[in-house]
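Residue numbers (our numbering): 1 to 138. Every residue gets a Cβ at the ideal spot worked out from N, C-alpha and C, and that includes glycine. Please read the structure below before turning to the comments.
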């Protein structure tokens with residue numbers, strides 16, 4: 001029985017699990033979607049939600065936490081902050097997981113994790129940019 005057991009091991013030591021987590025989240029943020037196994041997607045999904053929520057607050061402390069998580073990778077931090085601007089109307093659930101079938105070699109369940117499509121996100125972003133441009137003209 002699996003009582004009082006929490007988390008996933010992925011047949012790795014603690015540092016290896018953290019490295020796997022950071023690399024999966026970084027690739028997801030940079031590419032916008034990744035194909036991975038179902039357990040790994042379930043492992044990174046709450047982390048992605050937490051990072052987007054931190055990024056949405058737009059505070060110096062939040063920016064520093066993102067920099068620390070991504071080991072001062074400015075590209076990943078800026079892409080995450082850009083993605084977070086699309087989710088101002090959503091409280092949680094920023095990513096979606098779609099089943100792809102099983103992997104041929106070992107029959108592992110494969111999924112694609114991607115950013116959730118937000119209705120009117122591009123319109124909101126363009127309206128914000130228009131407001132900035134109008135202020136510059138005055």
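Could you tell me the alpha carbon to alpha carbon distance between residue 102 and residue 60, rounded to whole angstroms?
The residue you call residue 102 lines up with position 102 of the chain shown. The residue you call residue 60 lines up with position 60 of the chain shown. Looking at the two C-alpha atoms, the distance is approximately 42 Å.
The alpha helix (DSSP H) that contains residue 19, what's its start and end?
The count along the chain shown starts at 1 and reaches residue 19 at position 19. Element bounds for residue 19: 14–31.
Tell me which residue opens and which closes the alpha helix (DSSP H) that residue 50 is part of.
Counting from 1 along the chain shown, the entry for residue 50 is found at position 50. For residue 50, the enclosing alpha helix (DSSP H) has its first and last residue at 38–57.
Are any of the Cβ atoms in chain C nearer than 8 Å to that of residue 75?
Annotation note: the requested chain C is absent from the structure, which comprises a single protein chain.
Beta-carbon within less than 8 Å of residue 24's beta-carbon, same chain only, minus the 5 sequence neighbours each way: which residues are those?
On the chain shown, residue 24 is found 24 positions in, with the first residue counted as 1. Excluding positions up to five away in sequence, the list reads 34, 36, 40, 43, 44.
Roughly how many angstroms separate the alpha carbons of residue 114 and residue 3, rounded to a whole number?
Start at 1 with the first residue of the chain shown, and residue 114 comes out as number 114. Start at 1 with the first residue of the chain shown, and residue 3 comes out as number 3. Rounded to the nearest whole angstrom, the C-alpha separation of residue 114 and residue 3 is 32 Å.
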